[in-house]
């Protein structure tokens, strides 16, 4: 199983940009990067802290033009490779998770009416998240 070169850039239906590559041409390393135009809004709700908690040492300084980068050394992966691959595939979801974790925590603590999270998700769409006594919407 000799590592092969990878250099792929693609966007999903939300306009989120992904880049998967071998940094500096090193085929034993794979970098996964994501660019979300609304990432600063997610940071205001703890995205950086959540990503550090989930990805640990795989989280590295983002490559230019991206908000988040993960770096995997193919020669030093833990035995739980499937879990690592699954985590990498959940990067966009995990960027969003901090907003929901925060507001579910507000709900648990009975903090109704906390400032609502406003995420400018797409050019013509905004996502609002707030806690209510019986739900998070």
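Numbering (the numbering used here), first residue to last: 266 to 402. Here a beta-carbon is modelled for each residue, glycine too, at the ideal position from N, C-alpha and C. Since the structure is predicted, the reported quantities are computational estimates derived from the model, not experimental observations.
- Going by DSSP, residue 281 is part of no beta strand (DSSP E) at all; its letter is neither H nor E.
- In the structure shown, residue 304 falls within a helical segment according to DSSP collapsed to helix, strand and coil.
- Remark: fewer than three beta-carbon pairs, one from each stretch, lie closer than 8 angstroms, so the segment 384–392 and the segment 311–330 are not flagged as touching.
- In the same chain as residue 331, and ignoring 5 residues on each side of it, the C-beta atoms closer than 8 angstroms to its own belong to 282, 284, 298, 299 and 300, in chain order.
- Beta bridge pairing from DSSP links residue 299 with 283 and 333.
- Here residue 328 has 298 and 334 as same chain residues with Cβ atoms under 6 angstroms from its own Cβ, once five neighbours each way along the sequence are excluded.
- Residue environment: residue 271 is assigned as exposed (fewer than 16 neighbouring CB atoms within 10 Å of its CB, all protein chains considered).
- CA-to-CA, the gap between residue 315 and residue 366 works out to about 9 angstroms.
- For residue 353, the enclosing alpha helix (DSSP H) covers residues 346–354.
- Within 10 angstroms of the beta-carbon of residue 348 lie fewer than 16 other beta-carbons, which makes it exposed.
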